[in-house]
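Inspection log for the structure reproduced underneath, given as structure tokens.
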Amino acid sequence: MKTILIKPKGGKIISAIFVVFFILFLLPVVFVYTHTSGGKTFLLLFMAFAALLFVAGVYFQHAILKQAKKAESLFSIVSISESGISFPEELEFEYGILNMKAWWSSSGKSRSYHVSREFISAGTARASNIPFINAEFKMLITADGSGFVSAPAVKILSEPYKDVVFLFLTEKGKVDANGTLVLSTDNDSAQIIVKGVEENIAGRVYSTLNKARKVKIAISAPESTYEIPIAEGDNFEFSYRMLPEEKILIAGGYSVVDPNRIRKYLNKREVAMGHGEFILTGTLDLPLRRDVSESITFNVSLEERDEWGF
Numbered sequence: 001m002k003t004i005l006i007k008p009k010g011g012k013i014i015s016a017i018f019v020v021f022f023i024l025f026l027l028p029v030v031f032v033y034t035h036t037s038g039g040k041t042f043l044l045l046f047m048a049f050a051a052l053l054f055v056a057g058v059y060f061q062h063a064i065l066k067q068a069k070k071a072e073s074l075f076s077i078v079s080i081s082e083s084g085i086s087f088p089e090e091l092e093f094e095y096g097i098l099n100m101k102a103w104w105s106s107s108g109k110s111r112s113y114h115v116s117r118e119f120i121s122a123g124t125a126r127a128s129n130i131p132f133i134n135a136e137f138k139m140l141i142t143a144d145g146s147g148f149v150s151a152p153a154v155k156i157l158s159e160p161y162k163d164v165v166f167l168f169l170t171e172k173g174k175v176d177a178n179g180t181l182v183l184s185t186d187n188d189s190a191q192i193i194v195k196g197v198e199e200n201i202a203g204r205v206y207s208t209l210n211k212a213r214k215v216k217i218a219i220s221a222p223e224s225t226y227e228i229p230i231a232e233g234d235n236f237e238f239s240y241r242m243l244p245e246e247k248i249l250i251a252g253g254y255s256v257v258d259p260n261r262i263r264k265y266l267n268k269r270e271v272a273m274g275h276g277e278f279i280l281t282g283t284l285d286l287p288l289r290r291d292v293s294e295s296i297t298f299n300v301s302l303e304e305r306d307e308w309g310f
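The following block contains the structure:
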């Protein structure tokens, strides 16, 4: 069983840089204010607005670090085994599904990373043990952290560990897939035979390429527009594991855990993993014209699903 504690990297360093940047930004404004006779009201309002932004930024960063410390403190005293989590004392918590979506937005030359979180509660309980639940999860995360995560989770309600979350990723499941994709143009053709092999989506590509550069294979999901590339070439076999090799328990602060950090802590460039419906797309990569693509849906099923039991 793999356990992951997600921490915000460089939190104190970022806070220090933020303070230094604010001081360097404010010094010229103060200089202008003290050496000019007009426009002081505007400068005062500007400094007040800048100070408000600074306080908001410091508060947000402090909240993130506080949640991270709570998670680290709780993680250090729990007992974790294949069967679940044991606390030294009873804690109150919510159990249910944690849904997260992440995306980037651009404004001029700057880019911002956004995360929306929703905890869908199935109930609350108070206990000193939480069993590891084998239930459906699903995630698709690109190399820049965009995508979504949906997983069974527990959210602590008791102080001093309030808002610490645990996510449960089971290794159990089976890929159900069987089909053939045919791609063709006037000059190129490819046949992609797709099948499910235990926890893997696998296949074989046969192609005759003249103008096309290669055949690309990617995985996506109905919930997202993002695609995860898994293989490319002309004539080749491919296999991609849709489930972890072992159980995974992820812990962290509610506002700290996000798709990009999960991707990094899983040591993966991109992630397509979990249960439910996925889409496999084969594409003829054509220069100077629109690519030709065909898709097939497949499912990853969990035959024996656990209930929370609280």
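For the sequence shown, the UniProt record's numbering gives the first residue as 1, with consecutive numbering after it. Ideal Cβ placement from N, Cα and C applies to all residues, glycine included. Note that the coordinates shown come from a computational prediction; the quantities given were computed from them, not determined experimentally.
| Item | Value |
| --- | --- |
| Looking at the strands, I want to know which residues DSSP matches up with residue 152. | 97 |
| I'd like to check one pair, residue 168 with residue 133: are the Cβ atoms closer than 8 angstroms? | yes |
| What's the gap between the Cα of residue 145 and the Cα of residue 102? | 7 angstroms |
| From what residue to what residue does the alpha helix (DSSP H) around residue 263 run? | 259 to 265 |
| Nearest to residue 117 by alpha carbon, out of 190, 265, 163? | 163 |
| Could you tell me the distance, in whole angstroms, from the CA atom of residue 185 to the CA atom of residue 110? | 41 angstroms |
| Are the beta-carbon atoms of residue 242 and residue 201 separated by less than 8 angstroms? | yes |
| On the criterion of 16 or more Cβ atoms from any shown chain inside 10 Å, does residue 114 qualify as buried, or is it exposed? | exposed |
| Nearest to residue 268 by CA position, among 244, 288, 279, 257, is which residue? | 244 |
| Please list, in chain order, all residues of the same chain as residue 112 whose beta carbon is under 6 angstroms from its beta carbon, the five residues on each side excluded. | 105 |
| Suppose contacts are defined by Cβ-Cβ distances below 8 angstroms. Is residue 90 in contact with residue 182 by that definition? | no |
| When the distance is taken between beta carbons, is residue 156 closer than 8 angstroms to residue 93? | yes |
| Would the region 138 to 153 count as touching the region 273 to 282 if we require 3 or more Cβ pairs under 8 angstroms? | yes |
| Work out the CA separation of residue 123 and residue 188 for me, nearest whole Å. | 56 angstroms |
| Alpha carbon to alpha carbon, how far is residue 305 from residue 7? | 30 angstroms |
| Going by DSSP in three states, residue 166 sits in which element: helix, strand or coil? | strand |
| Which ranges does the beta strand (DSSP E) cover as unbroken runs of at least 3 residues, wholly within the region 66 to 127, from first to last along the chain? | 79 to 81, 84 to 107 |
| Buried or exposed: which applies to residue 1, given that a residue is buried once 16 or more other Cβ atoms fall within 10 Å of its Cβ? | exposed |
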